[in-house]
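The structure appears below as structure tokens.
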Amino acid sequence: MLSATRLMTGQTTRFFEFGSFRVDVTERLLLRDGRLVPLPLKIFETLLALVQNSGHVVEKDALMRRIWPDSFVEERSLAQNIFTLRKVLGEDHSGIQYIETIPKRGYRFVARVRGVDEQSDSYFWLPTKLGKPDVATAIHSMAVLPFKSLSAAPEDDYLGLGMADALITKLSNIKQIIVRSTSAVLKYTDHGLNPMAIGQELGVDSILDGKFQRLGERIRVTVQLVSVHNGSPLWADKVEEDFTSIFAVQDSISEQVAQALMLKLTAEEKEQLTRRYTEDTEAYQLYLKGRFYWNKRTPPGLKKSTEYFQQAIEKDPGYALAYAGLADCYNLLSFYSAVPPRESYPKAEAAATMALKIDGKLVEAITSLAFTRLSYDWDWSEAERGFKRAIELNPDYPTAHHWYGECLMAMGRRDEAIAAIIRAQELDSLSLGINVNVGFMFYMARQHELAIDSLLKTIEMDPHFWPAHWYLGRVYEQEKMYGETIAELEKAASLSQGNTRVLAELGHAHAVFGKTGEARKILDELTETQNRNYVSAYGMAVIYTGFGEKDRAFEWLHKAYEERSNWLIYLKVDPTLDSLRADPRFTDLVRLIFH
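Numbering (my numbering), first residue to last: 139 to 733.
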């Protein structure tokens, strides 16, 4: 048995306590309210190392040396331990997670911890650096809230979110600080919470909050940077300019934020802060409208956003960000089965390529092009190279980690895929798209309990987010839970307004559970829809797989191959097709795609 831990104080500590938890050092046990919480030994050792250093940053290398002293392991093993601990511990009474990620360094246990001396059974508080931190050491992360319009003009809705998006893009180029993505702050477009409450919910150290007012051709902006730790203002400013000077306003804000945080910037980072992708204010406003509708993540919203991005490009043909936005739209339109792959992905590739001709280091465009290489070209090496390049240029861009995780899962590298999506979730903890894909990854990895837990949490975040119900129904099907499966898939079909991929999955489930009449109705509906709109051939194959009609299933899988269906990238891992895997035709199809 391992001996109890001796702290610098000279005390031999038998127990550590925080919240409702007690850590028994001698017995290597974790208890919650006196009840045992089972933990594998390596995960317990991870928790103990963090608790013993409560309030202090524990470097990743030091953690790995302590937990795996005699063996070489990759960083994803540590990330998996941290993910499991966060799931087990949950949040404290104020809704804050116990373990904080310190970008590029390690982790910090943020709860106040007290020890119990083994000899005297007396309590003592562990020394901690928490409390009122100074800016230089405490501000590691921030969120930029959508700017609030002081007028009631509906046309200003896009501008408030757009200004935040522009600042997020600028500040994300600073490697010393994590900046929450636009998708993480979308829900705060119209909110009644104070910045500190939002900061705690987002798990950041500081909040940039702004208001603006259009006065004819003038714009007045008031902005403040607030510490989430103690609510103190770190910096504030008020400026009024011609609207044509909106770029100078954004440059000034981003520069002053960096100064307020006392960040030492490289020459390249300073250049990025004042980098302007267009000087045309009309093109800029069109771009903001495009991002506004893109963030709605619905087929009608995506189609509308493509129109605005194209108009922005017409105004300024050298607008790299507008091309990147257009590429993002076309990539997602095929995912939502709104546009055939052979129509959408070549357009995505062309737009991303044009963006990179203008700016070869534009991370958004590199990521979009890599996604096209993955989903349409099935060029696995180029896709992986692109995602790695994007992460190298901006390690804190969550979409790059997110889509790289999908690439790794498609290739069957499950552990690496889960580590990548967990990293994306750490960077953008409130993104519905990322959270739902955490559940999706666990589903593909056949870790059903973790998948269900993740998807239910996503539904708590937004009960109307249909992909979460869709994936949850698929997990329930694997667990042979008929009632729950149909309820979730029907909910997804309703919320998505009859998305054909969801309907195909619903037909598959009815067929698997022997409800062939219901399944045939959906099959007939999709067959009739094909006369008017695009229906994924992969979805049709899914239904026939449910019926056990293998010949028809392979017929449609080959049609899916001909149409370059993005869903075929999951051929190696998709549980829906498990009944086909023993057939030589399946092996041949896998060989075609993963050549």
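Ideal Cβ positions, reconstructed from N, Cα and C, are used throughout, including at glycine.
Exercise for review: Have a look at E481, S506 and P479 and flag the residue whose alpha-carbon is nearest the alpha-carbon of M492.
Suggested key: Scanning E481, S506 and P479 for the CA closest to the CA of M492 turns up S506.
Check your understanding: Going by DSSP, which residues form a beta bridge with E155?
Key -> According to DSSP, which records beta bridges pairwise, E155 is partnered with R160 and R252.
Practice item. May I have the straight-line CA-CA distance separating E544 from E502, to the nearest angstrom? Key: If I take the Cα positions, the gap works out to 17 angstroms.
Check your understanding: Looking only at its own chain, which residues have a Cβ that is under 8 angstroms from the Cβ of D721, when we skip the five neighbours before and after it?
Key -> Only residues of its own chain outside the window of five on either side were considered, and among them K688 and F692 have a CB closer than 8 angstroms to the CB of D721, listed in chain order.
Review point. Looking at C-alpha atoms only, which residue of H539, E598 and L718 is the closest neighbour of G686?
Key: Taking only the C-alpha atoms, the option nearest G686 is L718.
Review point. Should W263 be labelled buried (16 or more other beta-carbon atoms within 10 Å of its own) or exposed?
Key: At W263, the pLDDT of 48 sits below 50, so the modelled position is not reliable and the matter cannot be decided from this model.
Check your understanding: Rounded to a whole number of angstroms, what is the C-alpha to C-alpha distance between L305 and K313?
Key -> Cα-Cα distance, rounded: 15 angstroms.
Exercise for review: Starting from the Cα of S634, find the closest Cα among G524, E622, E666 and P601 and give me that residue.
Suggested key: When C-alpha distances from S634 are compared across G524, E622, E666 and P601, the shortest belongs to P601.
Point to revise | G439 versus A450, L470, A421 and L706, residue with shortest Cα-Cα distance | key: Of the candidates A450, L470, A421 and L706, the one whose C-alpha sits nearest the C-alpha of G439 is L470.
Check your understanding: If A374 sits next to V387, beta carbons under 8 angstroms apart, how far is it from one beta carbon to the other, in whole angstroms?
Key -> Between A374 and V387, the beta carbon gap of about 14 angstroms keeps them out of contact (Cβ cut-off 8 angstroms).
Point to revise | Contact check, L399 vs I277, beta carbons under 7 angstroms | key: With respect to I277, L399 sits close: the two C-beta atoms are nearer than 7 angstroms.
Check your understanding: Of all the options K286, L309 and T307, which has the alpha carbon lying nearest to the alpha carbon of G298?
Key -> Measuring C-alpha to C-alpha distances from G298 to each of K286, L309 and T307 identifies K286 as the nearest.
Practice item. Check D716 in the structure and name its three-state DSSP category. Key: Looking at D716 - three-state DSSP - the assignment turns out to be helix.
Review point. Do W705 and the ligand FAD come close, with the Cβ less than 6 angstroms from some heavy atom?
Key: The ligand content of the structure shown is nil, which means the ligand FAD is not present either.
Exercise for review: For I681, I'd like the list of residues in its chain whose CB is within less than 8 angstroms of its CB, leaving aside the five on either flank, ordered along the chain.
Suggested key: Leaving aside the five residues that flank I681 on each side, the residues in its chain whose CB is nearer than 8 angstroms to its CB run, in chain order, A642, G645, H646, A649, A657, I660, L661 and L664.
Exercise for review: Go to M619, then tell me how far its beta strand (DSSP E) extends in each direction, as first and last residue.
Suggested key: Looking at the DSSP string, M619 is not in any beta strand (DSSP E), and its letter there is neither H nor E.
Point to revise | Below-7 angstroms beta-carbon distance, L588 vs any chain B residue | key: No chain B is present in this structure, which holds just one protein chain.
Review point. Would you call the CB atoms of Y483 and T416 closer than 7 angstroms?
Key: Going by C-beta atoms, Y483 is not nearer than 7 angstroms to T416.
Practice item. Give the secondary structure of Y446 by DSSP, where H, G and I count as helix, E and B as strand, and everything else as coil. Key: For Y446, the three-state secondary structure derived from DSSP is helix.
Review point. Do you know whose CA, among Q563, T436, G300 and Q351, lies nearest T239's CA?
Key: Cα-wise, what sits closest to T239 is Q563.
Practice item. May I ask you to report which of helix, strand or coil DSSP gives R551? Key: Here DSSP, grouped into helix, strand and coil, assigns R551 to coil.
Point to revise | Distance between M547 and P178 (C-alpha atoms, nearest Å) | key: Take the alpha-carbon of P178 and the one of M547: they are about 25 angstroms apart.
Check your understanding: Out of curiosity, what's the CA-to-CA distance linking H540 and L531?
Key -> Roughly 15 angstroms between the two C-alpha positions.
Point to revise | Rounded distance between the beta-carbons of G341 and Q449, thought under 8 angstroms | key: Wrong, their Cβ atoms sit about 37 angstroms apart, outside the cutoff.
Exercise for review: Starting from the C-beta of V477, find all residues in its chain whose C-beta is less than 6 angstroms away, skip the five residues before and the five after it, and write them out in chain order.
Suggested key: Excluding positions up to five away in sequence, the list reads L471.
Practice item. Work out the CA separation of V196 and R252 for me, nearest whole Å. Key: Distance between the alpha carbons of R252 and V196 is about 18 angstroms.
Check your understanding: So, using beta-carbon positions, are T418 and D380 closer together than 7 angstroms?
Key -> Sequence inspection shows Asp at residue 418; the Thr mentioned does not correspond to that position. For the 7 angstroms CB-CB criterion, D418 and D380 do not form a contact.
Exercise for review: Quick one: which unbroken beta strand (DSSP E) runs of 3-plus residues sit fully inside the segment 286-373? Chain order, please.
Suggested key: If only complete runs of 3 or more residues are kept, the segment 286-373 shows the beta strand (DSSP E) at 344-353 and 356-365, in order along the chain.
Exercise for review: Compute the Euclidean distance between the alpha carbons of L346 and D716, then round it to the nearest angstrom.
Suggested key: Going from the Cα of L346 to the Cα of D716 covers about 49 angstroms.
Point to revise | One or two residues paired with I237 in a DSSP bridge | key: Paired residues: F247.
Review point. Which first and last residues belong to the beta strand (DSSP E) in which L169 is found?
Key: L167 to R170 is the span of the beta strand (DSSP E), which, as asked, contains L169.
Check your understanding: By a C-beta neighbour count over all protein chains shown, 10 Å radius and 16 as the cutoff for buried, is P536 buried or exposed?
Key -> By the 10 Å Cβ count, P536 comes out buried.
Point to revise | Extent of the continuous alpha helix (DSSP H) to which S215 belongs | key: Secondary structure note for S215: its alpha helix (DSSP H) is the uninterrupted segment E213 to L227.
Practice item. Starting from V282, follow the beta strand (DSSP E) in both directions and report where the run begins and ends. Key: Where V282 is concerned, the enclosing beta strand (DSSP E) stretches over S279 to V282.
Practice item. Can you check DSSP and say which residues form a bridge with E378? Key: Bridge partners of E378: R358.
Point to revise | According to DSSP, residues forming a beta bridge with L174 | key: Partner residues in the beta bridge of L174, as assigned by DSSP, are L169.
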